[in-house]
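Numbering-wise (the numbering used here), the sequence shown opens with residue -2 and increments by one.
Where is the CB? At the ideal position from N, CA and C, for every residue including glycine.
Here the structure is laid out as structure tokens; the discussion comes afterwards.
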Amino acid sequence: MIEKGKKIILFDGVCNLCNGAINFVIKRDKKDIFRYASLQSEVGQKLISERNIDISKIDSILLIDPSVAYYHKSTAALKIARQLSGVYPILSIFLILPKFLRDWVYDFVAKNRYKWFGKKDNCMIPTPELKALFIDQ
């Protein structure tokens, strides 16, 4: 199911902001580090269950590094940015800020994401050329 050495990003498959973020990451993942699955998928639910993650406390994104652990909220977003091509790794400097501060901003956006960006009726279906990157297909 999970390719060795790959990190998994679990995301809210019906959230327009989350889908846009995944498309953004895919375009900038030049080292082919990440694989993707929606939180709502069978694979996503299995990964969550295996790690005893309380999904009621996590809004929209999880980064699973099979060799280490999992990260959520702002830590996940910044650790993902650290791996991207371009100037985006610079954003990881925000990891020096206290987690409660970073997560406050993250939670504010997550709480309003459907209102601001909308919501789909179904999870994202990747194009044929991107299908191999999604482990829930």
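Can you tell me the Cα-Cα spacing of residue i and residue j, whole angstroms?
i           : j           : result
residue 27  : residue 80  : 9 Å
residue 109 : residue 65  : 31 Å
residue 45  : residue 83  : 31 Å
residue 9   : residue 111 : 11 Å
residue 19  : residue 106 : 16 Å
residue 23  : residue 16  : 11 Å
residue 94  : residue 131 : 32 Å
residue 98  : residue 43  : 30 Å
Out of the options, state which residue places its alpha-carbon closest to the alpha-carbon of residue i.
i           : options        : result
residue 129 : 47, 34, 10, 59 : 34
residue 72  : 50, 49, 96     : 96
residue 50  : 39, 69, 64     : 69
residue 74  : 63, 90, 64     : 90
residue 127 : 29, 106, 48    : 29
residue 37  : 102, 55, 76, 3 : 55
residue 85  : 0, 21, 63      : 21
residue 114 : 0, 3, 14, 63   : 14
Between residue i and residue j, how many whole angstroms is the CB-CB distance? I'm expecting something under 8 Å.
i           : j          : result
residue 58  : residue 67 : Wrong, their Cβ atoms sit about 11 Å apart, outside the cutoff.
residue 32  : residue 5  : 5 Å
residue 118 : residue 39 : Not a contact, Cβ separation roughly 19 Å.
residue 116 : residue 11 : 5 Å
For a test of your reading of the model: does the CB of residue i fall under 7 Å from any non-hydrogen atom of the ligand ZN? Yes or no.
i          : result
residue 90 : With respect to the ligand ZN, the structure shown offers nothing to examine, as it has no ligands at all.
Which residues in the same chain have their Cβ closer than 6 Å to the Cβ of residue i, if we skip the five residues on either side of it in sequence?
i           : result
residue 100 : 70, 71
residue 103 : 70, 71
residue 92  : 75
residue 3   : 32
Among the residues of its own chain, which have a CB less than 7 Å from the CB of residue i, if the five just before and after it don't count?
i          : result
residue 87 : none
residue 78 : 85, 86, 88, 89
residue 41 : 7, 34, 35, 133
residue 48 : 67
Please list, in chain order, all residues of the same chain as residue i whose beta carbon is under 8 Å from its beta carbon, the five residues on each side excluded.
i          : result
residue 25 : 81, 82, 83, 85
### beta strand (DSSP E) segments (min. 3 residues) lying fully within the region 79 to 133
Taken in chain order, the region 79 to 133 contains no complete beta strand (DSSP E) segment of 3 residues or longer.
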